[in-house]
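Enquirer:
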Amino acid sequence: MAEVERARRLAGARSTSVALNAVTAQVDLGGVQAHTWTYGGQLPGREIRVRRGEILKVELKNQLAEPTSVHWHGIALRNDMDGVPGLTQGGIAAGASFTYEFVVPDAGTYFFHPHSGVQLDRGLYAPLIVEDPDDGADYDTELVIVLDDWLDGVDRTPDAVFEELKKNGMGGMPGMTMTMPKSELLGGDAGDVSYPHVLANGRTFRDPQAVDVRAGQRVRLRLINAAADTAFRVGVPGAGLRVTHTDGFPVQAREADVVLIGMGERLDAVVTMPAGSVPVLAVAEGRDQYAGVVLRNPDARAVSVDDGIVKQLMALPVLMPTSLRAAERAALPVKDPDVVHDLVLEGPGDKYTWTINGKVYDPDDGLPVREGQQVRLKFDNRSQMFHPMHLHGHTFQVRTDANSGPRKDTVLVLPGRSVEVDFHADNPGQWLTHCHNVYHGEAGMMSLVSYVE
Ligand code: C2O
Ligand code: CU
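Using my numbering, the first residue of the sequence shown is number -16, and each one after it goes up by one.
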């Protein structure tokens, strides 16, 4: 373990220390006030930015009334810093502190959030950006945009929502089937919960964040979907996207009008600023809601967004992250798997149970792998809803006929479909693999990749 950790560190790399407080706060969502749980009283929490190969040291102070934890989503870190209570550490009690300290091996766009109950659906999330010294050749400036679906402190709490879902189970609430979001693109149900708001960088589109950008400047968007139950279509009407990375790792650059980002996924795309001001629009898939950030040309007129622009955006072709191809430097060597694990995804049972291979999460019942093995996971979705399946501590390569799929840590598996992913078992430990719909995960759709001797 120590050796694996040492190998991740770049010679002479510095270390960064951050103090992080989990606290309740009143936040302004852009015209809407909400009392919620946050990192440091702001939404999203303040970004952490480090360089590849550095040591990151974060002291979390839990000032909430309940235990919490921090998971560093997408980072191939040492197992005891992965932030999963009951598996890699104990929950951090109310009033207690815990220091996370680990080497951050790979550059890219990441984020962090609790791995305790449905706390992710409150305001506990923030970007973690890992810079590469070779970054910056194809853009002039960057903009991190965190997307979210919101109800805490406005409507019900996430805990109340989860209780309701379990009470109503598969039947749903009377009349609920009519209002639940559906999506042709996602091939079935688009979500289990209805939200009063969707947010970009903590704000509704009533009063969005605006950023000044001059015509011709190239902006690297770092898009992060921190929502619990919502996938987003993202596009910039009046300017195209040049997609460069997904889940932190470079892809063969692709032009697109609109991209789809599931929960837990990240996507980087470069926008060349046109002559006028433009919005980066994020439309909640299957719901009549959108959020966004305005790229404002100080020399041009203010941007006006109406339902017409959103309709136009919804008519454009959508690039799915699974159709991207890994950049050559990110592709894994082509190898036959030493071990293949099938994960059959089903739900919701009559008590709102979401299962993997017919079982809800049991930390003592993992999918065994050995260090050094080439591992294939085969996600087989037999339910009516999409699942963004996430693996901790590794990135996998999505398997395609040509062996050229993107490197990712979270992949959308649509209803009735199966997706295979390959990875090299090079990071010993106990690692969750689960649906990043926080309600599905908590309702059982979690398993673990368990390194055995
Ligand atoms: Cu962001 Cu276990 O996940
Ligand atoms: Cu799911």
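In this text, a Cβ means the ideal position worked out from N, Cα and C, and glycines have one as well.
Owing to the predicted nature of the structure, the values given are computational and were not obtained by experimental measurement.
(1) Is any heavy atom of the ligand CU found at a distance shorter than 6 angstroms from the C-beta of N62?
(2) Hey, out of K391, V101 and M429, whose CA is closest to D405's CA?
(3) For H18, is the classification buried or exposed, using 16 other Cβ atoms within 10 angstroms of its Cβ as the cut-off for buried?
(4) D63 by DSSP, collapsed to three states: which one?
(5) Measuring only the C-alpha atoms, how far is D414 from Q102?
(6) What residue range does the alpha helix (DSSP H) around D142 cover?
(7) Taking a cut-off of 5 angstroms, which residues have a beta-carbon closer than that to any heavy atom of the ligand CU, in chain order?
(8) Which residue marks the beginning of the alpha helix (DSSP H) containing Q72, and which one marks its end?
(9) Is V69 near the ligand C2O, in the sense that its beta carbon is under 6 angstroms from a heavy atom of that ligand?
(10) According to the neighbour-count rule (16 or more other Cβ atoms, all chains shown, within 10 Å of its Cβ), is R(-11) buried or exposed?
(11) Let's see if you can read the secondary structure: which residues bound the beta strand (DSSP E) around V137?
(12) How do the stretch 168 to 179 and the stretch 127 to 140 stand: do at least 3 beta-carbon pairs fall below 8 angstroms, yes or no?
(13) Got a sec, what are the start and stop residues for the alpha helix (DSSP H) L296 sits in?
(14) Among residues of its own chain, excluding the 5 on either side of D195, which ones have a beta-carbon nearer than 7 angstroms to its beta-carbon?
(15) If contact is defined by three or more beta carbon pairs under 8 angstroms, each pair taking one atom from either stretch, is the stretch 218 to 227 in contact with the stretch 64 to 75?
(16) Looking at the ligand C2O, does it come within less than 6 angstroms of G247, judged from the CB to the closest heavy atom?
(17) Can you have a look at A214 and say buried or exposed, based on whether 16 or more other CB atoms are within 10 angstroms of its CB?
(18) Contact check, P220 vs V261 under 8 angstroms by CB: the rounded distance?
(19) Just the C-alpha distance for P97 and A209, rounded to the nearest angstrom, thanks.
(20) Round the Cβ separation of V87 and V33 to the nearest angstrom and send it over; I've been treating them as touching at under 8 angstroms.
(21) Thinking G269 and S433 are a contact (beta carbons under 8 angstroms), I'd like their distance in whole angstroms, please.
(22) Hey, would you say the C-beta of H373 is under 6 angstroms away from at least one heavy atom of the ligand C2O?
(23) Does the stretch 196 to 204 come within contact of the stretch 181 to 188, defined as at least 3 CB pairs closer than 8 angstroms?
(24) So, with DSSP's three-state summary, where would you put Y22?
(25) Going by DSSP in three states, T305 sits in which element: helix, strand or coil?
(26) Could you give the first and the last residue of the continuous alpha helix (DSSP H) run that contains V(-13)?
(27) Using only the alpha-carbon positions, how far apart do L250 and L206 sit?
(28) Which of the three DSSP states is assigned to G218 in this structure?
(29) Just how far apart, CA to CA, sit A239 and V6?
(30) Taking H423 as part of the alpha helix (DSSP H), name the residues at either end of that continuous run.
(31) From E84 to D289, what does the alpha carbon distance come to, in whole angstroms?
(32) With DSSP as the reference, label L39 as helix, strand or coil.
(33) Quick one: is S287 buried, meaning 16 or more other Cβ sit within 10 Å of its Cβ, or exposed?
(34) Is L350 near the ligand C2O, going by C-beta to nearest heavy atom under 6 angstroms?
(35) Could you work out which residue in Q192, P300 and Q272 is closest to V241 when comparing CA atoms only?
(36) When the Cα atoms are used, what is the spatial distance from S(-2) to S52?
Expert: In terms of the structure at hand:
(1) Taking the first residue of the sequence shown as 1, we reach residue 62 at position 79. No, since every heavy atom of the ligand CU falls outside the 6 angstroms radius drawn around the Cβ of N62.
(2) Numbered from 1 along the sequence shown, position 422 holds the residue referred to as residue 405. Among K391, V101 and M429, the Cα nearest to that of D405 belongs to K391.
(3) Start at 1 with the first residue of the sequence shown, and residue 18 comes out as number 35. Flag for H18 reads exposed.
(4) If you number the sequence shown from 1, residue 63 lands on position 80. Correct three-state label for D63: helix.
(5) One-based indexing of the sequence shown puts residue 414 at position 431. One-based indexing of the sequence shown puts residue 102 at position 119. Residue identity differs from the one stated: residue 414 is Trp in this sequence, not Asp. Rounded to the nearest angstrom, the two C-alpha atoms are 20 angstroms apart.
(6) Against the sequence shown, residue 142 aligns to sequence position 159. P141 to N151 is the extent of the alpha helix (DSSP H) around D142.
(7) H370, C418, N420 and H423
(8) Along the sequence shown, one-based indexing puts residue 72 at 89. Unbroken run through Q72: none, as it is neither H nor E.
(9) Residue mapping note: residue 69 aligns to position 86 of the sequence shown, counting from 1. The question names Val, but residue 69 in the sequence shown is Gly. G69 Cβ: outside cutoff for every heavy atom of the ligand C2O.
(10) Indexing the sequence shown from 1 puts residue -11 at position 6. It is exposed - the Cβ of R(-11) has fewer than 16 other Cβ atoms within 10 Å.
(11) To locate residue 137, count along the sequence shown from 1; it is residue 154. Here V137 belongs to no beta strand (DSSP E), and DSSP marks it neither H nor E.
(12) yes
(13) Within the sequence shown, the letter at position 313 stands for residue 296. Note, L296: alpha helix (DSSP H), D290 to A298.
(14) Numbered from 1 along the sequence shown, position 212 holds the residue referred to as residue 195. Here the set comprises R279 and P281.
(15) no
(16) Position 264 of the sequence shown, counted from the start, is the residue given in the question as residue 247. Within the cutoff, so yes.
(17) Position 231 of the sequence shown, counting from 1, holds the residue named residue 214. With 16 or more Cβ atoms within 10 Å of its Cβ, A214 is classed as buried.
(18) The residue labelled residue 220 in the question sits at position 237 within the sequence shown. The residue labelled residue 261 in the question sits at position 278 within the sequence shown. The pair is a contact, with the Cβ atoms about 6 angstroms apart (cut-off 8 angstroms).
(19) Residue 97 sits at position 114 when you count from the first residue of the sequence shown. Residue 209 sits at position 226 when you count from the first residue of the sequence shown. Roughly 11 angstroms between the two C-alpha positions.
(20) Reading the sequence shown from its first residue, position 104 is the one you call residue 87. Reading the sequence shown from its first residue, position 50 is the one you call residue 33. Correct: roughly 5 angstroms between the Cβ atoms.
(21) As a working mapping, residue 269 is identified with position 286 in the sequence shown. As a working mapping, residue 433 is identified with position 450 in the sequence shown. G269 to S433, Cβ: 35 angstroms. No contact.
(22) Along the sequence shown, read from residue 1 onward, the residue named residue 373 stands at position 390. Yes, Cβ of H373 sits closer than 6 angstroms to a heavy atom of the ligand C2O.
(23) no
(24) Locating residue 22 in the sequence shown gives position 39, counting from the first residue. Correct three-state label for Y22: strand.
(25) In the sequence shown, the residue the question calls residue 305 occupies position 322. DSSP places T305 in helix when its eight states are reduced to three.
(26) Looking up residue -13 in the sequence shown gives position 4. Per DSSP, V(-13) belongs to the alpha helix (DSSP H) from A(-15) to R(-9).
(27) Counting from one through the sequence shown, the residue named residue 250 turns up at place 267. Counting from one through the sequence shown, the residue named residue 206 turns up at place 223. Distance between the alpha carbons of L250 and L206 is about 5 angstroms.
(28) The count along the sequence shown starts at 1 and reaches residue 218 at position 235. Note: G218 maps to strand in three-state DSSP.
(29) Here residue 239 refers to the residue found at position 256 when the sequence shown is read from its first residue. Here residue 6 refers to the residue found at position 23 when the sequence shown is read from its first residue. Taking the straight line joining both Cα atoms gives about 39 angstroms.
(30) Taking the first residue of the sequence shown as position 1, residue 423 is located at position 440. Per DSSP, H423 belongs to the alpha helix (DSSP H) from V421 to E425.
(31) Within the sequence shown, numbered from 1, the residue matching residue 84 stands at position 101. Within the sequence shown, numbered from 1, the residue matching residue 289 stands at position 306. Taking the straight line joining both Cα atoms gives about 46 angstroms.
(32) Here residue 39 refers to the residue found at position 56 when the sequence shown is read from its first residue. Note: L39 maps to strand in three-state DSSP.
(33) By 1-based counting over the sequence shown, the position of residue 287 is 304. So S287 counts as exposed.
(34) Sequence index remark: in the sequence shown, residue 350 carries index 367 (1-based). Checking the Cβ of L350 against the ligand C2O gives no.
(35) The residue given as residue 241 occupies position 258 in the sequence shown. Looking at the Cα atoms, P300 is the closest of the given residues.
(36) Here residue -2 corresponds to residue number 15 of the sequence shown, with the count starting at 1. Here residue 52 corresponds to residue number 69 of the sequence shown, with the count starting at 1. Answer to the nearest angstrom: the Cα atoms are 22 angstroms apart.
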